[in-house]
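Numbering (the working numbering), first residue to last: 18 to 656.
Below, the structure is given as structure tokens:
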């Protein structure tokens, strides 16, 4: 029992400590093997040749014992988790020993006076190989057959779990379930009928068709989906049935990070956005777009919802350097640490830069010394209410950051500059929307500047699901806290798109963008917010009760109230994506190009916007609004 507890405590150590322990074990085994081999060689030579040669053996062992551990490190032997090692691991181990054998042979031939070198080296390497191999197999057997810690509180009251996916990923999740005090694996299910009634690590696999009866008969509390996002979409009917039956589902938080290990803490609840069933546009083979390969790319606002996802997807295309500019220390820390595991075996250099994009001195230093090729300008204050409550700082931040980054891009002849804009820039009714429209106008004017060689473009889209400030996480919090869910107007609509798809389209648009153009992503049909609230309430297992005209609230633990409030003065009933709905060009079925050409004069626009910033610094709201309305010629300005 003490040994069992000791091993379990060792498993809970952090990855770095466990790697150090494995290195130490291999070093000690190799040292013992060479010591044993040396005594055998001495005995052999003394018996046949009446010679004892200590110094040569000592020299060889000093070089070769650490050499084997270094070879293991180079071939990433320690990246493999012992409980998950397989045939590929042993094949990789064999390659290490093949290299070690030839290294040993060369050193033995050139640096010792022994004869029969091949015989001695073969014996020594084979002895070491057997001892290392046996140690790895023993550790794997011990870990796979380790009894869960019975000292956990309520261990025998664990909730039953089904893993959907009888594959390597499912097996890794199952291994972690052994040590969970709350979850217990009941069985696997899989859509591969040939696996039905087979065993995976002594756990039975059932046909997926039986999942509903298995859940009903065995009081299953949770289904863990051990597949990737594409398979999740393909299995939508099964997943939807589970949702309707109010079965809790967990999915992989980020499929890219599970190349080596799986932890239960890396699983997340299947959230509401999945149930929208929005078909996504994906360009799967990133490498066929070679424009980003070996390029230096800068992303401002890299810690935000859009910036972090752009960073993640760009990283897959393997740029030369990726510069992450972010003013929030915590956000930069989070995005940097989430991306670092993804650059293993890749040539990309990741550079975190803690700076406000409005700090021109620091930003120019980056442009001057880093040889930037492409800029994605995502940094902005995007929360409409916060910008309305802080109009001066919101306006200055959004416009000034665009002025600084776009001017520096032109000055240093950056190839492409992409502005992340918003549907709120169309006939803006808020300062946030106006700041985005002014940013669009500024880069379009800069495109016309004499001697400018940079290609400027903007990508405009609406709300992205689960981004910071999105209505969906707000509704989720309201629902899970018992309500009420607040809706501004029963007729208000908004566009929605997943962050993944929006960023995928932004990157794709960058490849096809033309200088000075604004591109609009097809957001599909707008969704009524009240319908969204109703669907989300049902998704989380409640009924809804619509409260309006001072009707009475129903005291019911199974119901969530929906309260209709009122639109704010600056809020629109419906958002728009195009300034001129009759004048646009279809790039593909998901991307439009705005065909309105304003031919903005850079000198005029630059002068007006600098005046705007000056009046903003003086808190002269009257002059601010006058200049904004003068620059933005489109009508329908509501603020």
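Virtual Cβ for every residue (Gly too), placed ideally from N, Cα, C.
Query	Result
Could you have a look at residue 140 and say whether DSSP puts it in helix, strand or coil?	helix
What number of angstroms, rounded off, separates the C-alpha of residue 47 from the C-alpha of residue 83?	8 Å
Hey, residue 178 and residue 322: beta-carbon distance below 8 Å or not?	no
Taking the straight line between their C-alpha atoms, what separation do you get for residue 607 and residue 516?	15 Å
Short of 8 Å in beta carbon distance, which residues of its chain neighbour residue 221, apart from the five on each side in sequence? Order them along the chain.	204, 205, 214, 215
Measure how close the beta-carbons of residue 404 and residue 435 come, nearest whole angstrom, since I'm counting them as under 8 Å.	With 8 Å as the limit, residue 404 and residue 435 do not qualify as a contact, their Cβ atoms being about 22 Å apart.
Using only alpha-carbon positions, find the residue among 433, 136, 622, 454 that is nearest to residue 529.	433
When DSSP labels each residue in this structure, what does residue 51 get in the three-state scheme?	helix
Is it buried or exposed, residue 531, if we count other Cβ atoms within 10 angstroms and call 16 or more buried?	exposed
Would you kindly work out how many angstroms separate the C-alpha atoms of residue 379 and residue 372, rounded to a whole number?	7 Å
Is residue 540 helix, strand or coil by DSSP?	coil
Judging by CA-CA distance, which residue of 458, 453, 411 is the nearest neighbour of residue 613?	458
Just reading off the alpha helix (DSSP H) that residue 419 is part of, what are its end residues?	408-428
Is the beta carbon of residue 437 less than 8 Å from the beta carbon of residue 395?	yes
Is residue 482 helix, strand or coil when you go by DSSP?	strand
Can you confirm whether the segment 494-504 touches the segment 546-566 when touching is taken to mean that 3 or more C-beta pairs between the two stretches lie within less than 8 Å?	yes
Taking its Cβ as the centre, do 16 or more other Cβ atoms sit within 10 Å of residue 618, making it buried, or is it exposed?	exposed
Quick one: measure Cβ to Cβ for residue 347 and residue 369, integer angstroms, because I've assumed they're closer than 8 Å.	12 Å between Cβ atoms; not a contact.
Return the first residue and the last residue of the alpha helix (DSSP H) that residue 208 is part of.	Segment: none, residue 208 is in no alpha helix (DSSP H) and carries neither H nor E.
Apply the 10 Å Cβ neighbour rule to residue 80 and answer buried if 16 or more other Cβ atoms are within range, or exposed otherwise.	exposed
For residue 88 versus residue 116, is the C-beta distance shorter than 8 Å?	yes
Going by DSSP, what residues sit across from residue 263 in a beta bridge?	Its beta-bridge partners do not exist; DSSP assigns none.
Quick check on the DSSP output: the alpha helix (DSSP H) that includes residue 351 runs from which residue to which?	346-356
Under the assumption that residue 546 contacts residue 504 (Cβ atoms under 8 Å), give the Cβ distance between them as a whole number of angstroms.	5 Å
Please name the residue, chosen from 225, 217, 266, that lies closest to residue 239 on a Cα-to-Cα basis.	266
Specify the secondary structure class of residue 578 as computed by DSSP and reduced to three states.	strand
Can you give the beta carbon distance from residue 473 to residue 411, rounded, assuming they're within the 8 Å contact cut?	Between residue 411 and residue 473 the Cβ distance is about 23 Å, and since that is not below 8 Å, they are no contact.
In terms of alpha-carbon separation, which member of 319, 332, 333 lies closest to residue 350?	319
Can you tell which of 224, 375, 43 has its C-alpha closest to the C-alpha of residue 211?	224
Using 8 Å for Cβ pairs, my map puts residue 401 next to residue 449. What's the rounded Cβ distance?	5 Å
If residue 490 sits next to residue 577, beta carbons under 8 Å apart, how far is it from one beta carbon to the other, in whole angstroms?	In fact, because the Cβ distance is near 16 Å, the residues do not count as touching under 8 Å.
Count the other CB atoms, across all protein chains shown, that sit within 10 Å of the CB of residue 583; report buried if there are 16 or more and exposed otherwise.	exposed
Going by beta carbon distance, what residues of the same chain come within less than 6 Å of residue 85, once the five residues before and after it are set aside?	47, 117
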